[in-house]
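Report on the following structure.
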Amino acid sequence: MNGLIFMEVGKFAQARLGAAAWQRLARDAGVSHRVYVPVANYPDEELVGLLNVLSAETGVPVRGLLEALGEFVVPDLISLAQSVVQPEWKTLDLIANTEGAIHEVIRHAGTHSNPPYLRCRRVNEREVLVNYSSPRKLCPLACGIVKGVAKHYGETVTLAEPTCMLRGDAACQIVVTLV
Ligand code: HEM
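Here my numbering is used: the first residue of the sequence shown is 24, the next is one more, and so on.
This is how it looks when you write it as structure tokens:
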């Protein structure tokens with residue numbers, strides 16, 4: 024996983040638990056030797072380890088933490104992608120364009136970063152269907168990002184997940200509806 028996501032876990036932990044949280048978390052997860060940088064990738068297991076420690080410390084299940092982390096990272100993701108995020112886009116436009124305009128570009132940015140393949144279909148003006156599949160099975164993060172995007176644009180969305188890899192399906196379908 025790209026270092027950017029690890030940096031966000033650090034920021035998230037500090038925002039929730041105070042300035043000393045990251046050092047404590049990194050020590051308890053056995054990664055205190057690391058300096059995570061956004062141009063490098065790190066083992067997914069380190070992310071899992073950090074989230075498990077954070078979950079033990081906060082009492083929040085990993086799934087809930089991933090969703091909250093997803094919401095939390097959106098302002099930084101949008102700022103990272105500001106050159107390709109079109110000014111007229113709102114929530115559903117950004118989500119429908121993430122694969123082609125953002126994830127695909129990042130995949131070829133020379134960092135060997137590997138964002139998930141999102142297949143998105145604009146069903147109508149108020150609905151986008153997101154098909155997410157990744158060996159990482161981080162659909163709660165995806166749902167959190169969707170909510171964070173809506174928050175960024177001052178809109179409200181509802182989410183339904185008729186299929187989910189965490190329930191044994193081959194892929195997650197996330198139906199995003201603008202309220
Ligand atoms: C401004 C928009 C976005 C940017 C700049 C962005 C960028 C990234 C980056 C850099 C990663 C790390 C990839 C890696 O380490 O290999 C990532 C992962 C991820 N992104 Fe995005 N993303 C954006 C929007 C979205 C949206 C809208 C969704 C969901 C609908 C999404 C879902 C995910 C998920 C679930 C992961 C975790 C990795 C995985 O599941 O395999 N992203 N993204």
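Where is the CB? At the ideal position from N, CA and C, for every residue including glycine. Predicted model only: the values in this text are computed from it and were never measured.
- Take Glu127 as the anchor and find which of Val107, Lys113 and Val146 has the nearest alpha-carbon. Within the sequence shown, residue 127 is the residue found at index 104, counting from 1. The candidate whose alpha carbon is nearest that of Glu127 is Val107.
- Going by DSSP, what residues sit across from Ser156 in a beta bridge? Numbered from its first residue, the sequence shown carries residue 156 at position 133. Note: Ser156 sits in a beta bridge opposite Tyr140.
- Message: Considering just the uninterrupted stretch of the alpha helix (DSSP H) at Val85, what are its terminal residues?
- Response: Your numbering for residue 85 matches position 62 in the sequence shown. Residues Val85 to Leu103.
- Item | Distance CB(Ala194)-CB(Asn154) smaller than 8 Å | Within the sequence shown, residue 194 is the residue found at index 171, counting from 1. Within the sequence shown, residue 154 is the residue found at index 131, counting from 1. In contact: Ala194 and Asn154 (Cβ atoms closer than 8 Å).
- Message: Report the CB separation of Val97 from Gly171 in whole angstroms; it is logged as a contact under 8 Å.
- Response: Position 74 of the sequence shown holds residue 97. Position 148 of the sequence shown holds residue 171. Rounded, the Cβ-Cβ distance is 3 Å, consistent with contact.
- Query: What residues match up with Ala124 in a beta bridge as DSSP calls it?
  - Reply: Indexing the sequence shown from 1 puts residue 124 at position 101. Bridge partners of Ala124: none, in fact.
- Can the beta-carbon of Gly33 be found less than 8 Å from the beta-carbon of Leu89? Taking the sequence shown and counting its residues from 1, one reaches residue 33 at position 10. Taking the sequence shown and counting its residues from 1, one reaches residue 89 at position 66. Their beta carbons are not under 8 Å apart, which means Gly33 does not touch Leu89 by this criterion.
- Rounded to whole angstroms, what's the CA-CA distance from Gly93 to Leu100? Just pull it up for me. Here residue 93 corresponds to residue number 70 of the sequence shown, with the count starting at 1. Here residue 100 corresponds to residue number 77 of the sequence shown, with the count starting at 1. Gly93 and Leu100: Cα-Cα distance of roughly 10 Å.
- Message: Relative to the C-alpha of Val146, which candidate in Ser102, Pro110 and Thr200 has its C-alpha closest?
- Response: For the purposes of this step, residue 146 is taken as the residue at position 123 of the sequence shown. For Val146, the nearest C-alpha among the options comes from Thr200.
- Where does Leu201 fall in DSSP's three states? Counting from 1 along the sequence shown, the entry for residue 201 is found at position 178. Looking at Leu201 - three-state DSSP - the assignment turns out to be strand.
- Query: Under the DSSP definition of a beta bridge, which residues are partnered with Val204?
  - Reply: The first residue shown for the chain is 24 and the last is 202, placing residue 204 beyond what the model contains.
- If we count the other Cβ atoms within 10 Å of its Cβ and call it buried at 16 or more, is Thr16 buried or exposed? Look at the range of the chain in this structure, 24 to 202, and you will see that residue 16 is not part of it.
- Query: Leaving out the 5 sequence neighbours to the left and right, which residues in its chain are closer than 8 Å to Val62 when beta-carbon positions are compared?
  - Reply: Start at 1 with the first residue of the sequence shown, and residue 62 comes out as number 39. Same-chain partners within the cutoff: Gly26 and Thr134.
- Query: From what residue to what residue does the alpha helix (DSSP H) around Leu27 run?
  - Reply: Position 4 of the sequence shown, counted from the first residue, corresponds to residue 27. Here the alpha helix (DSSP H) through Leu27 covers Gly26 to Leu40.
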